[in-house]
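S.K.: Remember, the numbering used here sits 525 above the position in the sequence shown when you count from 1.
Below are the structure tokens for one structure; questions will follow.
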Amino acid sequence: MGIDKLCINYAACPEMGIGNDIVAECMRQYPDRVVGICYINYYEGGAEVQLAELKRCFDELGFQGIKVINVNETYPQARKYFELDDPLQPTWEFAQERGASILCHGVVNYEIAQRYPGANYIVAHGSAVPEFCIKLGELPNTYWDMSATSMVAGSLELLCEKVGPERILYGSDMPASDAGQRLGVVMASHIAEDDKEMILGQNMQKLIDNLT
């Protein structure tokens, strides 16, 4: 299908170290094709555990992004303002310092993205909830991937109009979805060809290049 590079994470593995090691092995086997995204599980410990895994993945293994996921309702994502005991605060601060991008599966809101402007927040499956994205889009460090299986016709065009194609990222949702079907959504959309090229790779490359 002409996909040159894959940004992958292994958030399906509850032990983040094991999951990240599997991704690192893929990077070793295909160094020109695979970009590692470090999975952080905030249930596995506090600040020291998170920071140790982030530094291991970025500084030793060469990862170039972060993935966090909410697996139940214990993460206080619905709070309007977060207390100092935010369980992912160490990860947000690390991303802020490094200029890293974080693929957020249900754990980002306006307050978090505003509090850490040096980090970039990617809303996983964001194309399925355009109203939320348009509000969040007031902040320049927010992005959306379009891997939502429930994405309805016109969602991509709406997001391009409201927040700009430079902040939308192709997402395959593999292996839960099909990369070709996701590609077809972009290719069949009623947007400019230059915008399609940004969504299909250029935007993500700029986020990776932003790392310090």
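Glycine residues also receive a C-beta, built at the ideal position from the N, C-alpha and C atoms.
When you compare only the Cα positions, how much space is there between Lys731 and Asp546?
M.R.: Against the sequence shown, residue 731 aligns to sequence position 206. Against the sequence shown, residue 546 aligns to sequence position 21. Approximately 25 Å between the Cα atoms of the pair.
S.K.: Measuring alpha carbon to alpha carbon, tell me which of Lys530, Asp703, Val559, Leu579 ends up nearest Gly542.
M.R.: The residue you call residue 542 lines up with position 17 of the sequence shown. Considering only alpha carbons, the answer is Leu579.
S.K.: In three-state terms, what does DSSP make of Ser680?
M.R.: Here residue 680 is taken as the residue at index 155 of the sequence shown, counted from 1. DSSP places Ser680 in helix when its eight states are reduced to three.
S.K.: Buried or exposed for Gln589, please, with buried defined as at least 16 other CB atoms from any protein chain shown within 10 angstroms of its CB.
M.R.: Against the sequence shown, residue 589 aligns to sequence position 64. Under this definition Gln589 is a buried residue.
S.K.: Is Leu664 buried or exposed, if buried means 16 or more other CB atoms sit within 10 Å of its CB?
M.R.: On the sequence shown, position 139 is the one that residue 664 refers to. Exposed, by the Cβ-count rule.
S.K.: Distance check for Ala577 and Ala678, CA to CA, integer angstroms please.
M.R.: Reading the sequence shown from its first residue, position 153 is the one you call residue 678. Reading the sequence shown from its first residue, position 52 is the one you call residue 577. Going from the Cα of Ala678 to the Cα of Ala577 covers about 42 Å.
S.K.: Measuring straight from C-alpha to C-alpha, what distance separates Gln575 and Cys658?
M.R.: Start at 1 with the first residue of the sequence shown, and residue 575 comes out as number 50. Start at 1 with the first residue of the sequence shown, and residue 658 comes out as number 133. Taking the straight line joining both Cα atoms gives about 28 Å.
S.K.: Using the Cα positions of Asn735 and Gly624, report the straight-line distance between them to the nearest angstrom.
M.R.: Indexing the sequence shown from 1 puts residue 735 at position 210. Indexing the sequence shown from 1 puts residue 624 at position 99. One C-alpha to the other measures close to 6 Å.
S.K.: The alpha helix (DSSP H) spanning Cys551 covers which residue range?
M.R.: Here residue 551 corresponds to residue number 26 of the sequence shown, with the count starting at 1. Counting along the chain, the alpha helix (DSSP H) containing Cys551 begins and ends at 541-554.
S.K.: By the DSSP assignment, the beta strand (DSSP E) with Asn645 in it spans what residues?
M.R.: Translated into the one-based positions of the sequence shown, residue 645 becomes position 120. Per DSSP, Asn645 belongs to the beta strand (DSSP E) from 645-648.
S.K.: Flag this pair as yes or no: are the beta carbons of Ala704 and Met552 separated by less than 8 Å?
M.R.: Reading the sequence shown from its first residue, position 179 is the one you call residue 704. Reading the sequence shown from its first residue, position 27 is the one you call residue 552. No; because the gap between Cβ atoms is not below 8 Å, this pair is not in contact.
S.K.: Express the C-alpha separation of Phe583 and Ala713 in angstroms, rounding to a whole number.
M.R.: Counted from its first residue, the sequence shown places residue 713 at position 188. Counted from its first residue, the sequence shown places residue 583 at position 58. Answer to the nearest angstrom: the Cα atoms are 36 Å apart.
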